[in-house]
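Engineer: Numbering-wise, our numbering comes out as the position in the sequence shown, counting from 1, plus 368.
A virtual CB, placed ideally from N, CA and C, is assigned to each residue, including glycine.
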Amino acid sequence: ARRVLLAAFIGTGSSFLAFAALAQKRGMTSIEFPNKGLYYLGGLTEASETLICFALMCLWPDQFAWWAYGFAALCALTIATRIVGGARQLSRRV
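1. Between the stretch 384–395 and the stretch 440–460, do three or more beta carbon pairs fall short of 8 Å?
2. So, are the CB atoms of glycine 379 and cysteine 443 less than 8 Å apart?
3. Are phenylalanine 432 and cysteine 421 closer than 8 Å when you measure CB to CB?
4. Count the other CB atoms, across all protein chains shown, that sit within 10 Å of the CB of isoleucine 447; report buried if there are 16 or more and exposed otherwise.
5. Suppose only complete runs of 4+ residues qualify. What are the alpha helix (DSSP H) ranges in the stretch 423–457, listed by chain order?
6. Between the C-alpha atoms of tryptophan 435 and isoleucine 399, what's the straight-line distance to the nearest angstrom?
7. Between the beta-carbon of leucine 412 and the beta-carbon of leucine 373, is there less than 8 Å?
8. Tell me which residues share the same chain as lysine 404 and place their Cβ nearer than 8 Å to its Cβ, disregarding the 5 neighbours each side in the sequence.
9. Answer with buried or exposed for tyrosine 437, where buried requires no fewer than 16 other C-beta atoms within 10 angstroms of its C-beta.
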């Protein structure tokens, strides 16, 4: 469970940073988040959701595997939506 969760975290971070790097190379700026240094492409699992999941894992450590696999599934959805959404945005900005 811990390896799956770690892979999910790496995937969400990588998908976020990959899009930000491509957006920066193309000179894209964000109207919605003008104060961000990177072009921000949101997702389902952001900071608040991650902290809530960590709190649940701490409160019920015997259920860690369930929380880990469930959150990893949500991270997989985030990765997929970032890839699809990022590809759409980049294809419009040619």
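Structural biologist: Quick look at the numbers:
1. With the cut-off at 8 Å, the stretch 384–395 and the stretch 440–460 touch.
2. Yes, the Cβ-Cβ distance between glycine 379 and cysteine 443 is below 8 Å.
3. No; because the gap between Cβ atoms is not below 8 Å, this pair is not in contact.
4. It is buried - the Cβ of isoleucine 447 has at least 16 other Cβ atoms within 10 Å.
5. Those alpha helix (DSSP H) runs which fall completely within the stretch 423–457 and span 4+ residues do not exist here.
6. Distance between the alpha carbons of tryptophan 435 and isoleucine 399: 35 Å.
7. Annotated as distal: leucine 412 and leucine 373, with beta-carbon spacing of 8 Å or more.
8. Sequence-distant Cβ neighbours of lysine 404 in its own chain, meaning closer than 8 Å and more than five residues away, are Ser398.
9. Under this definition tyrosine 437 is an exposed residue.
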